[in-house]
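Asker: Mind having a look at this structure? Questions to follow.
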Amino acid sequence: MGLLTIIKKQKLKDKELRCLVLGLDNSGKSTVVDWALSTYKDKPRQPVTPTVGFQIHTLPYGGHNIQIWDIGGQSTLRPYWDNYFDKTDVLLWIIDIAAAARVGESVSELEVILRNRDRLGYSCRIIVLLNKKDLVDNPTEAIDAMKQRLDEILKLENIPVEVKATDALSGHGLEELMPTIVGRGKRFGGLESTSGPLG
Ligand SMILES: Nc1nc2c(ncn2[C@@H]2O[C@H](COP(=O)(O)OP(=O)(O)OP(=O)(O)O)[C@@H](O)[C@H]2O)c(=O)[nH]1
Ligand SMILES: [Mg+2]
-13 MGLLTIIKKQ
-3 KLKDKELRCL
7 VLGLDNSGKS
17 TVVDWALSTY
27 KDKPRQPVTP
37 TVGFQIHTLP
47 YGGHNIQIWD
57 IGGQSTLRPY
67 WDNYFDKTDV
77 LLWIIDIAAA
87 ARVGESVSEL
97 EVILRNRDRL
107 GYSCRIIVLL
117 NKKDLVDNPT
127 EAIDAMKQRL
137 DEILKLENIP
147 VEVKATDALS
157 GHGLEELMPT
167 IVGRGKRFGG
177 LESTSGPLG
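Residue 152 in this note's numbering sits at position 166 of the sequence shown, and the numbers go up by one each step.
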């Protein structure tokens, strides 16, 4: 292989970005991915069904080739999650903010992952979406409470995290997702801005 070919291959590799989409079943992971594919790849939106196993999509954005790994969140599939951790650049954690009874379960699962951060890699960035905000009566209160809870956990670990409230059906709140994934543009609200305006 010629030197030029090696350099070209390396350049393409450098621009590859691996984004792992995780969270409990029914939280809206595939719907977020579907929104991204329809917004940036002109793919018609499709009805989602529970993900059994995983689905990989590629999305060129901002000079990067983003590999999106949409992983099923059912409890029977969670023991396999760590098979996907290797070389992850961005962990996109989706919480169904409207499912009050399951928020604790979601936070615990995230906590387990963050406590074993060596598996995920210390350079992996974390973005949390508080999804289904359209189904919450008092979104500001619910989202503030959630951010505080995440803050308590994540501060322990000293992990920078971006948090955003979203409605993946309409795409509201997702406008800055791709710029945030590639690490530029207006950033999502960090945890310190719990009382700031929320999308
Ligand atoms: N109202 C509302 N419904 C949503 C939103 N996001 C997703 N849904 C619905 O929630 C259901 C589950 O969405 P999925 O995207 O399949 O959830 P998932 O996290 O991929 O689930 P698994 O693949 O089983 O892990 C679907 O009926 C979606 O239409 C949202 O922001 N608002
Ligand atoms: Mg899914």
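Glycine included, C-beta positions come from ideal geometry on N, C-alpha and C.
In chain order, what residues place their C-beta within less than 5 angstroms of a heavy atom belonging to ligand 2?
Answerer: Lys15, Ser16, Thr37
Asker: Along the chain, where does the beta strand (DSSP E) containing Val76 start, and where does it finish?
Answerer: 76 to 82
Asker: Could you tell me which whole beta strand (DSSP E) segments of length 3 or greater appear in the stretch 5 to 63?
Answerer: 40 to 47, 50 to 57
Asker: Contact defined as beta carbons within less than 8 angstroms: I believe Ile129 pairs with Leu115. What is the distance between those atoms, to the nearest angstrom?
Answerer: Ile129 to Leu115, Cβ: 11 angstroms. No contact.
Asker: How long is the line joining the alpha carbons of Pro33 and Leu100, rounded to whole angstroms?
Answerer: 32 angstroms
Asker: Check whether the Cβ atoms of Asp82 and Leu10 sit closer than 8 angstroms, and answer yes or no.
Answerer: Contact flag set, yes.
Asker: Please state whether DSSP places Arg135 in a helix, a strand or coil.
Answerer: helix
Asker: What is the DSSP secondary structure of Arg105, reduced to helix, strand or coil?
Answerer: helix
Asker: How would you label Ser13, buried or exposed, when you count the other beta carbons within 10 angstroms and need 16 or more for buried?
Answerer: buried
Asker: Apart from the five residues on each side of it in sequence, which residues of its chain come closer than 7 angstroms, Cβ to Cβ, to Lys27?
Answerer: Only Leu45 meet the Cβ criterion.
Asker: Since Ile113 and Leu78 should fall inside the 8 angstroms C-beta cutoff, what is the C-beta to C-beta distance between them, to a whole number of angstroms?
Answerer: 5 angstroms
Asker: If you count every other CB in all the chains shown that lies within 10 Å of the CB of Thr62, and 16 or more means buried, which is it?
Answerer: exposed
Asker: Just reading off the beta strand (DSSP E) that Ile113 is part of, what are its end residues?
Answerer: Bounds of the beta strand (DSSP E) holding Ile113 are 111 to 117.
Asker: Would you call Ala22 buried or exposed, if buried means 16 or more other Cβ atoms sit within 10 Å of its Cβ?
Answerer: buried
Asker: Nearest to His43 by alpha carbon, out of Thr35, Pro36, Ile52, Thr37?
Answerer: Ile52
Asker: Given Thr74, which residues of its chain have a CB within under 7 angstroms of its CB, disregarding the five upstream and five downstream residues?
Answerer: Arg4, Leu6, Leu106, Gly107, Cys110
Asker: What residues match up with Glu2 in a beta bridge as DSSP calls it?
Answerer: The secondary-structure analysis by DSSP pairs Glu2 across a beta bridge with Asn51.
Asker: Measure how close the beta-carbons of Lys119 and Ala151 come, nearest whole angstrom, since I'm counting them as under 8 angstroms.
Answerer: 4 angstroms
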